[in-house]
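Okay, structure coming up:
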């Protein structure tokens, strides 16, 4: 059996272009890809008959010598009709998709996304109830009730109350006053800790300043001021 | 009776097609449509029964369509495997039809235009029957296309946004599988000069090994997508659950099994000295495990069961890949079992959806108390699926494992372990679903459904007061009857396991001797 070279190449190109288009997310391109792919397959079938010859028979000479193979022609007719019908259906469906969702692309499955999201939430919730520990105390992302107050800024509930108070304050001055009062009360209670921490911070800052030697006098002043504040307290 | 058989064999294809035409004409008279559809499927079931016994007694029957003798003409061949598949599929399609029609009659949402449903459903039945009876590779393709095109219509019934989204994926994937199949047919014809399966059986073994391999892989790819074998299975859990419940039931029960049937047929008839045994075994193992792991992650019952469907395809492929007589018998028995059990599960889930308003385990609860009948109809096939003795799932799995042990090789042994693990995980998934949807107090769930909560509370009050509660099923009786018939059929698979297993063994023997098939089809020529 011999095949026309050009047709074989054409078939290959149809297949390649069809597969390329079908990999797109846009539905019209997928449709075009399917049409090319289907025609490629049909061309493949008709090529299996080998080189065509004319005419099939003149009605008198009934010998099958030199006749082209009729079976692929019967097969391809069926295949063409099927491809045609399915293309029409696909086109209608794509149009419907456009009417409903205004999108000519493949949509994600909500249920799939939901499963993915649910898992994340579940694992977080599990971590907070079962595994949350005292390592971060009340500073943990979702602390347990009665966690140790590690940095002396009150329990989460207290912090929330303060935040609410500040928010509720009628004017900015009053809000500042509240915030200041809170800071004072906390520093009073734990002055020793605070002072030490502040001093350390100052030392570290000064060291860096000396190294870099680009800081202005002003910056040093602020650092000094911070240190003083800590000492005073 | 033997004279009658050749007349009967084309009827399972012909009658539904004629029925489709009639119901299309009668599209304005719903009742007449329904009567015609049910009568035709009933007739197909009777015919399938006669064909099964006839074929079992007298051997495979060959019918040359239109009097054109093979190999030029198209032939329909009914052997034991075809007849077994035919009878199970006709039972399933009939029950699902009754279920669907009574659901439509009681459904006021108007989402499913009945006038389209009946004709496309009948074309689907004709396509499935044609695939089972085809003795010709191209006719098999035509059968595939018939039921596929009908399934496109059924899956997108009502054309809601969600169904269109799922339908687009399904249609495109199916088209790709069809084009691969068609290409394979083209190349096979180019290589051998025939598409008649009996002739192919003789000629393919003469081809060079590499050409054989290309043909084999192409066909397996085409069928593998349809049968949802990993890694070609991703589309299934995405597209099936959105369809109407009866449609999902018949798709899950039958369409994937047509793919498995085609694989069994080509593996035994065309590629009997197959060299793809190892890849197939590996694919079978991965299908089982990946499928069931997917099911664990889901919270929607329909999606859970769709994933178990993918997973259990692995068992059938395992039996086919073994290629031994016991392996094939086990695969055939397991296929029959799985068609019925999977359909029963999806029908039961449809009832659950109707009763509880959802299929999500996040909003269902208390169904055990509210509707004991429904619970039984879900629970029996669910246990059956996970392979609890004495159900048919257990028998099928034991047979598969025995066939695996017979092989005395390490890969089948690994697969047996994977199969046992999958079975346990299925039990876990089913157990969890049952706990969540049937056992919990509906007030405890994540997204409580007010109706269920109220009903449950009322029920509790009556119980505590010592009064009698009149249990309401809350779904149309015809749907319950249809589901019960399938559930009972799944139990019959256990009760009648011996004759059925005998039939499966004889069918496998048929498959093991492709030469008999060839001489049956081609007559004196070979």
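Protein chains in written order, with our numbering: chain A, 1 to 233; chain B, 1 to 526. For each residue, glycine too, the CB sits at the ideal point set by N, CA and C.
Neighbour list for residue 100 of chain A in chain B, Cβ cutoff strictly below 7 angstroms: Stepping through the first chain from its first residue, residue 100 of chain A is reached at position 100. By Cβ distance, chain B contributes 161, 164.
Keeping to the same chain, check which residues put their C-beta closer than 7 angstroms to that of residue 235 of chain B; ignore five residues upstream and five downstream. As a working mapping, residue 235 of chain B is identified with position 235 in the second chain. If we look at residue 235 of chain B and ignore the five residues flanking it on each side, its Cβ neighbours are 169, 170, 173.
Residue 73 of chain A: contacting residues in chain B (beta-carbon distance under 9 angstroms): In the first chain, counting from the first residue as 1, residue 73 of chain A sits at position 73. For residue 73 of chain A, there are no C-beta contacts with chain B under 9 angstroms, since the nearest C-beta of that chain is about 12 angstroms from it.
Could you pull the start and end residues of the beta strand (DSSP E) that residue 61 of chain B belongs to? For the purposes of this step, residue 61 of chain B is identified with residue 61 of the second chain, where counting begins at 1. Its beta strand (DSSP E) spans residues 61-64.
Using a Cβ cut-off of 7 angstroms, pull out every chain B residue sitting near residue 97 of chain A, in sequence order please. On the first chain, position 97 is the one that residue 97 of chain A refers to. Think of a sphere of 7 angstroms around the beta carbon of residue 97 of chain A: the chain B residues whose beta carbon falls inside it are 164, 168, in chain order.
List the residues that DSSP assigns as beta-bridge partners of residue 105 of chain A. As a first step, residue 105 of chain A must be located in the first chain, where it is residue number 105. Its beta-bridge partners are A:26.
Using a C-beta cutoff of 7 angstroms, does residue 109 of chain A count as contacting chain B? Position 109 of the first chain holds residue 109 of chain A. The beta-carbon of residue 109 of chain A is placed less than 7 angstroms from the nearest beta-carbon of chain B.
What residues of chain A sit near residue 593 of chain B, judged by a beta carbon separation below 7 angstroms? There is simply no residue 593 of chain B to check, as chain B begins at 1 and stops at 526 in what is shown.
Please classify residue 224 of chain A as buried or exposed, where buried requires at least 16 other C-beta atoms within 10 Å of its C-beta. Translated into positions along the first chain, residue 224 of chain A becomes position 224. Residue confidence for residue 224 of chain A is low, a pLDDT of 49 falling below 50, so the modelled location carries little weight; the figure read from the coordinates is stated next. Flag for residue 224 of chain A reads exposed.
For residue 380 of chain B, decide whether its Cβ has a neighbour in chain C, counting only Cβ atoms nearer than 7 angstroms. Of the protein chains in this structure, namely A and B, none is chain C.
Exposed or buried, which one is residue 205 of chain B when buried takes at least 16 other CB atoms within 10 Å? Indexing the second chain from 1 puts residue 205 of chain B at position 205. Counting Cβ neighbours within 10 Å, residue 205 of chain B comes out exposed, since fewer than 16 surround it.
Contact defined as beta carbons within less than 8 angstroms: I believe residue 336 of chain B pairs with residue 133 of chain B. What is the distance between those atoms, to the nearest angstrom? Position 336 of the second chain holds residue 336 of chain B. Position 133 of the second chain holds residue 133 of chain B. The pair is not a contact, with the Cβ atoms about 17 angstroms apart (cut-off 8 angstroms).
Could you check whether the Cβ of residue 20 of chain A sits closer than 7 angstroms to any Cβ belonging to chain B? Taking the first residue of the first chain as position 1, residue 20 of chain A is located at position 20. By this cut-off, residue 20 of chain A is not an interface position.
Exposed or buried, which one is residue 555 of chain B when buried takes at least 16 other CB atoms within 10 Å? In the structure displayed, chain B extends from 1 to 526; residue 555 of chain B sits before or after that span and is not available.
Quick one: is residue 28 of chain B buried, meaning 16 or more other Cβ sit within 10 Å of its Cβ, or exposed? By one-based count along the second chain, residue 28 of chain B stands at place 28. Label assigned to residue 28 of chain B: exposed.
Counting contacts by CB-CB distance shorter than 7 angstroms, is residue 204 of chain B in contact with chain A? Walking along the second chain from the start, residue 204 of chain B turns up at place 204. No, residue 204 of chain B lies away from the interface with chain A (no Cβ there is under 7 angstroms from its Cβ).
Taking residue 78 of chain A as the query, report the chain B residues whose CB atoms sit under 7 angstroms from its CB, ordered along the chain. Working through the first chain from its first residue, we reach residue 78 of chain A at position 78. The contacting residues are 142.
Under 6 angstroms Cβ to Cβ from residue 382 of chain B, same chain only, skipping five residues before and after it: list those, please. Residue 382 of chain B sits at position 382 when you count from the first residue of the second chain. These residues qualify, in order along the chain: 430.
Out of B:279, B:345, B:319, point me to the one whose CA is closest to residue 303 of chain B's CA. Position 303 of the second chain holds residue 303 of chain B. Answer by Cα proximity: B:345.
Taking the alpha-carbon of residue 294 of chain B as reference, which of B:238, B:330, B:269, B:490 has the nearest alpha-carbon? If you number the second chain from 1, residue 294 of chain B lands on position 294. Put simply, of B:238, B:330, B:269, B:490 the residue whose alpha carbon is nearest the alpha carbon of residue 294 of chain B is B:238.
On the three-state DSSP scale, how would you describe residue 446 of chain B? By 1-based counting over the second chain, the position of residue 446 of chain B is 446. Coil at residue 446 of chain B, not helix or strand.
Taking only beta-carbon atoms, is residue 297 of chain B less than 7 angstroms away from chain A? The residue you call residue 297 of chain B lines up with position 297 of the second chain. At a cut-off of 7 angstroms between beta carbons, residue 297 of chain B contacts chain A.
Does DSSP put residue 276 of chain B in a helix, a strand or coil? Here the question's residue 276 of chain B lines up with position 276 in the second chain. It is coil, neither helix nor strand.
Mind checking whether residue 232 of chain B and residue 222 of chain B have CB atoms under 7 angstroms apart? One-based indexing of the second chain puts residue 232 of chain B at position 232. One-based indexing of the second chain puts residue 222 of chain B at position 222. Taking 7 angstroms as the Cβ cut-off, residue 232 of chain B and residue 222 of chain B do not qualify as a contacting pair.
Taking 7 angstroms as the threshold (beta carbon to beta carbon), is residue 129 of chain A in contact with chain B? Here residue 129 of chain A corresponds to residue number 129 of the first chain, with the count starting at 1. Its pLDDT being 45, under 50, residue 129 of chain A is placed unreliably by the model, and nothing is read from it.
Of the residues B:73, B:121, B:40, which one's Cα is nearest the Cα of residue 244 of chain B? Residue mapping note: residue 244 of chain B aligns to position 244 of the second chain, counting from 1. When C-alpha distances from residue 244 of chain B are compared across B:73, B:121, B:40, the shortest belongs to B:121.
Quickly, what does DSSP pair residue 196 of chain B with across the bridge? List them, please. The sequence position of residue 196 of chain B within the second chain is 196, counting from 1. Paired residue(s): B:136.
Going along chain B, which residues have a C-beta under 7 angstroms from residue 12 of chain A? Numbered from its first residue, the first chain carries residue 12 of chain A at position 12. Within chain B, no residue has its beta carbon less than 7 angstroms from that of residue 12 of chain A; the closest one is some 12 angstroms off.
Applying the 10 Å Cβ sphere with the 16-neighbour rule, what's the burial state of residue 218 of chain A? For the purposes of this step, residue 218 of chain A is identified with residue 218 of the first chain, where counting begins at 1. The predicted model places residue 218 of chain A with a pLDDT of 48, which falls under 50 and marks its position as unreliable, so this point remains unresolved.
My guess is that residue 256 of chain B and residue 511 of chain B are in contact by the Cβ rule of under 8 angstroms, so how many angstroms apart are they, rounded? In the second chain, the residue the question calls residue 256 of chain B occupies position 256. In the second chain, the residue the question calls residue 511 of chain B occupies position 511. 20 angstroms between Cβ atoms; not a contact.
Against residue 238 of chain A, what residues of chain B qualify as contacts under a CB-to-CB distance less than 7 angstroms, listed in chain order? Limits of chain A in this structure are 1 at one end and 233 at the other, which puts residue 238 of chain A out of reach.
Is residue 444 of chain B close to chain A? Criterion is C-beta to C-beta, closer than 7 angstroms. Position 444 of the second chain, counted from the first residue, corresponds to residue 444 of chain B. No, no contact with chain A.
Among A:105, A:51, A:73, A:92, whose alpha-carbon lies nearest the alpha-carbon of residue 6 of chain A? Position 6 of the first chain, counted from the start, is the residue given in the question as residue 6 of chain A. Among A:105, A:51, A:73, A:92, the Cα nearest to that of residue 6 of chain A belongs to A:51.
For residue 360 of chain B, the three-state DSSP class (helix, strand or coil): Residue mapping note: residue 360 of chain B aligns to position 360 of the second chain, counting from 1. DSSP places residue 360 of chain B in the strand class (E or B) of the three-state scheme.
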